[in-house]
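A quick write-up on the structure given underneath.
Numbering (UniProt numbering), first residue to last: 1 to 284.
What follows is the structure, encoded as structure tokens:
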């Protein structure tokens with residue numbers, strides 16, 4: 001029997017989520033009314049607003065009808081991971097869309113950007129409201145290492161939408177970089193899904209030690225990409241080609257290089273946290 005819990009709509013988190021649904025829906029509607037652009041960045045922004053709007057609405061409905069209690073997943077881990085992911089996705093959309101598709105006289109595009117920025121602030125607020133506080137018993141994704149895993153997967157997604165097959169298919173070194181991005185993304189996604197679905201017990205070894213070993217390996221692999229990607233991508237074009245338009249392939253290569261360095265830093269921080277939890281935190 002379904003029971004309604006009106007309190008979920010009146011608490012701060014519920015109010016924030018309702019505003020998120022409204023703002024992401026408005027951003028999507030404004031951009032859709034302008035027209036279609038054949039760009040992976042445009043597709044990413046549209047997907048972001050639609051995805052965040054629909055999943056946030058689904059969370060509101062599930063909690064309002066108390067159906068979330070019957071779902072065989074870790075609901076707190078799911079909502080925390082989604083809030084963190086949505087924060088990053090909407091932030092990226094709020095930066096990418098005006099960079100490539102907005103002009104001084106583009107009223108609807110500017111309005112969509114402003115509203116998207118407000119949605120980002122709301123999702124960031126939600127993360128702060130539901131993130132695990134020190135001393136609280138919570139799931140892995142509510143902790144700092146768990147949120148870092150979501151960040152690592154998100155940065156890999158930005159790298160993927162910036163990749164151009166023609167730019168990396170010519171050199172084995174760049175193909176190695178793409179393989180590293182893919183492998184690390186897949187493993188981070190597996191950890192997130194296993195946590196949400198409560199399947200971490202299926203790991204044949206202690207989860208914290210597996211995570212530490214993976215983080216060390218990921219740091220080493222990303223270190224090679226930080227060197228190899230710029231070395232091959234910019235060996236014949238150290239500066240932006242003249243006459244290259246807004247969707248210039250050189251810009252995409254710069255984005256990949258920057259995001260590679262950024263994700264390396266995130267993996268290093270994650271590794272430090274993992275070592276601290278495994279080797280320096282003694283059980284009570």
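Each residue gets a CB set at the ideal place from its N, CA and C atoms; glycine is no exception.
Worksheet item: Just how far apart, CA to CA, sit residue 18 and residue 95?
Response: As a working mapping, residue 18 is identified with position 18 in the chain shown. As a working mapping, residue 95 is identified with position 95 in the chain shown. Answer to the nearest angstrom: the Cα atoms are 23 Å apart.
Fill in: Among 272, 145 and 154, the one whose alpha carbon lies nearest that of residue 260
As a position in the chain shown, residue 260 is number 260, starting the count at 1. For residue 260, the closest C-alpha among the options 272, 145 and 154 is that of 154.
Worksheet item: According to the Cβ coordinates, are residue 24 and residue 56 closer than 9 Å?
Response: If you number the chain shown from 1, residue 24 lands on position 24. If you number the chain shown from 1, residue 56 lands on position 56. Residue 24 places its beta carbon less than 9 Å from that of residue 56.
Worksheet entry | Best match in 168, 52, 276 and 130 for proximity to residue 212 [C-alpha to C-alpha] | Counting from 1 along the chain shown, the entry for residue 212 is found at position 212. The shortest C-alpha separation from residue 212 is found at 276.
Discussion item. So, for residue 231: in the same chain, excluding its five sequence neighbours on each side, which residues have a beta-carbon less than 8 Å away from its beta-carbon?
Written reply: Here the question's residue 231 lines up with position 231 in the chain shown. In the same chain as residue 231, and ignoring 5 residues on each side of it, the C-beta atoms closer than 8 Å to its own belong to 173, in chain order.
Practice prompt. For residue 33, I'd like the list of residues in its chain whose CB is within less than 8 Å of its CB, leaving aside the five on either flank, ordered along the chain.
Written response: Numbered from its first residue, the chain shown carries residue 33 at position 33. Its chain contains 108 as the residues whose beta carbon lies nearer than 8 Å to that of residue 33, once the 5 sequence neighbours on both sides are disregarded; these appear in chain order.
Fill in: Top-ranked residue by Cα proximity to residue 100, from 73, 145 and 39
Locating residue 100 in the chain shown gives position 100, where the first residue counts as 1. The residue with the shortest Cα to Cα distance from residue 100 is 39.
Practice prompt. Identify whether residue 7 lies in helix, strand or coil by the three-state DSSP scheme.
Written response: The residue you call residue 7 lines up with position 7 of the chain shown. DSSP places residue 7 in helix when its eight states are reduced to three.
Worksheet item: On the premise that residue 229 lies in contact with residue 237, defined as a C-beta separation below 8 Å, what is that separation, rounded to the nearest angstrom?
Response: The residue given as residue 237 occupies position 237 in the chain shown. The residue given as residue 229 occupies position 229 in the chain shown. Not a contact, Cβ separation roughly 14 Å.
Discussion item. How far does the alpha helix (DSSP H) with residue 115 in it extend, from its first residue to its last?
Written reply: Here the question's residue 115 lines up with position 115 in the chain shown. Segment 107 to 130, the alpha helix (DSSP H) holding residue 115.
Worksheet entry | Beta-carbon gap between residue 252 and residue 182 smaller than 9 Å | To locate residue 252, count along the chain shown from 1; it is residue 252. To locate residue 182, count along the chain shown from 1; it is residue 182. With respect to residue 182, residue 252 sits apart: the two C-beta atoms are not nearer than 9 Å.
Item to complete: Using 10 angstroms around the beta-carbon of residue 159, count the other beta-carbons present and answer buried if the total reaches 16, otherwise exposed.
Response: Here the question's residue 159 lines up with position 159 in the chain shown. With 16 or more other Cβ atoms from the protein chains shown falling within 10 Å of its own Cβ, residue 159 counts as buried.
Worksheet item: Considering only the beta carbon of each residue, do residue 147 and residue 127 sit closer than 9 Å?
Response: Within the chain shown, residue 147 is the residue found at index 147, counting from 1. Within the chain shown, residue 127 is the residue found at index 127, counting from 1. Their beta carbons are under 9 Å apart, which means residue 147 touches residue 127 by this criterion.
Worksheet item: Is the CB-CB distance between residue 86 and residue 152 below 9 Å?
Response: Taking the chain shown and counting its residues from 1, one reaches residue 86 at position 86. Taking the chain shown and counting its residues from 1, one reaches residue 152 at position 152. No.
Discussion item. Please list the terminal residues of the continuous alpha helix (DSSP H) segment that includes residue 68.
Written reply: In the chain shown, the residue the question calls residue 68 occupies position 68. First-last for residue 68: undefined, no H or E at that position.
Practice prompt. Give the straight-line distance between the Cα atoms of residue 270 and residue 63, rounded to the nearest whole angstrom.
Written response: Walking along the chain shown from the start, residue 270 turns up at place 270. Walking along the chain shown from the start, residue 63 turns up at place 63. Across the structure, residue 270 and residue 63 are spaced so that their CA atoms are roughly 32 Å apart.
Worksheet item: For residue 119 versus residue 27, is the C-beta spacing smaller than 9 Å?
Response: Here the question's residue 119 lines up with position 119 in the chain shown. Here the question's residue 27 lines up with position 27 in the chain shown. Yes. Within cutoff.
Discussion item. If you follow the alpha helix (DSSP H) that residue 17 is in, where does it begin and where does it stop?
Written reply: Translated into the one-based positions of the chain shown, residue 17 becomes position 17. Segment 12 to 34, the alpha helix (DSSP H) holding residue 17.
Discussion item. What does the Cβ neighbour count give for residue 242, buried or exposed, with the cut at 16 atoms within 10 Å?
Written reply: Along the chain shown, one-based indexing puts residue 242 at 242. It counts as exposed.
Worksheet item: For residue 215, which three-state DSSP category applies?
Response: The residue labelled residue 215 in the question sits at position 215 within the chain shown. Here residue 215 carries a helix assignment [DSSP, helix/strand/coil].
Worksheet item: By Cβ distance, which residues of its chain are closer than 6 Å to residue 49, with the 5 residues on each side in sequence left out?
Response: To locate residue 49, count along the chain shown from 1; it is residue 49. Excluding sequence neighbours, residue 49 sits near 24, 27 and 28.
Worksheet item: Pick from 190, 141 and 258: whose alpha carbon is nearest that of residue 163?
Response: Against the chain shown, residue 163 aligns to sequence position 163. Minimum Cα distance to residue 163 is reached at 258.
Worksheet entry | residue 13 vs residue 129 beta-carbon contact at 9 Å | Sequence index remark: in the chain shown, residue 13 carries index 13 (1-based). Sequence index remark: in the chain shown, residue 129 carries index 129 (1-based). Yes, these two residues count as a Cβ contact at 9 Å.
Worksheet item: Hey, how far is the Cα of residue 223 from the Cα of residue 266?
Response: Residue 223 sits at position 223 when you count from the first residue of the chain shown. Residue 266 sits at position 266 when you count from the first residue of the chain shown. Cα to Cα, residue 223 sits roughly 12 Å from residue 266.
Worksheet item: Mapping DSSP to helix, strand and coil, what is residue 166?
Response: Taking the chain shown and counting its residues from 1, one reaches residue 166 at position 166. DSSP places residue 166 in helix when its eight states are reduced to three.
Item to complete: Pull up the distance between the alpha-carbon of residue 217 and that of residue 227, whole angstroms please.
Response: Within the chain shown, numbered from 1, the residue matching residue 217 stands at position 217. Within the chain shown, numbered from 1, the residue matching residue 227 stands at position 227. Between residue 217 and residue 227, the C-alpha separation is close to 16 Å.
Item to complete: Kindly indicate which residue of 255, 207 and 124 has the alpha-carbon position closest to the one of residue 274.
Response: Taking the first residue of the chain shown as position 1, residue 274 is located at position 274. Nearest to residue 274 by alpha-carbon distance, out of 255, 207 and 124, is 207.
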